[in-house]
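Residue numbers (UniProt numbering): 1 to 142. Glycine is no exception: its CB is placed at the ideal position from the N, C-alpha and C atoms. All values derive from a computational prediction rather than experimental measurement. Below is one structure; the comments refer to it alone.
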């Protein structure tokens with residue numbers, strides 16, 4: 001094989017390898033965030049909760065947001081509360097959690113704190129509670 005042809009084949013292989021992830025995006029269930037937690041879309045989260053009733057839904061929105069509607073069985077720990085870090089540290093490190101906020105910012109910022117507290121089994125809800133509602137999933141309004 002001629003060197004120019006070999007180089008062309010190698011270049012095409014490298015290009016395909018680098019662009020394939022862009023062309024074929026991963027499903028949410030295949031995405032792992034930088035802290036090693038699974039990112040799940042609302043439908044995957046709903047299926048998880050139906051299959052695993054022991055999963056703790058951790059909602060880090062403000063209490064007034066939580067009280068205007070939340071996922072059934074969720075516990076609320078206000079991201080902006082003075083005792084937020086202490087309350088996160090007090091969580092059971094052996095439990096499985098579905099973590100969310102309104103849209104993903106506060107819950108995303110909570111992930112390193114969970115890791116520091118030894119909590120490793122976390123599913124992060126893609127698009128947060130807004131995504132959950134937009135998917136038409138059950139919302140509890142007290």
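CB of residue i within 8 Å of CB of residue j, strictly
i           : j           : result
residue 93  : residue 78  : no
residue 99  : residue 122 : yes
residue 56  : residue 96  : yes
residue 142 : residue 67  : yes
residue 81  : residue 117 : no
residue 102 : residue 61  : yes
residue 59  : residue 70  : yes
Alpha carbon of residue i to alpha carbon of residue j, nearest angstrom
i           : j           : result
residue 134 : residue 37  : 23 Å
residue 110 : residue 131 : 18 Å
residue 74  : residue 105 : 18 Å
residue 120 : residue 113 : 11 Å
residue 140 : residue 84  : 23 Å
residue 72  : residue 87  : 20 Å
residue 48  : residue 91  : 20 Å
residue 107 : residue 115 : 13 Å
residue 65  : residue 46  : 20 Å
residue 23  : residue 50  : Because residue 23 carries a pLDDT of 40, less than 50, the predicted location of this residue cannot be relied on, and the following value inherits that uncertainty. So the two alpha carbons sit approximately 32 Å from each other.
The beta strand (DSSP E) enclosing residue i, as first and last residue numbers
i           : result
residue 114 : Counting along the chain, residue 114 falls outside any beta strand (DSSP E), though it belongs to the alpha helix (DSSP H) covering 105 to 116.
residue 38  : 38 to 40
residue 59  : 56 to 59
residue 97  : 97 to 100
residue 124 : 122 to 125
Closer than 7 Å: residue i CB and nearest the ligand FMN heavy atom
i          : result
residue 62 : The model on display carries no ligand, and the ligand FMN is accordingly not part of it.
Residue i - containing alpha helix (DSSP H), residue span
i           : result
residue 89  : 84 to 89
residue 134 : 128 to 134
residue 63  : 63 to 67
Practice task
Inspect the CB distances between the region 37 to 48 and the region 125 to 142 and report whether three or more fall short of 8 Å.
Solution key: yes
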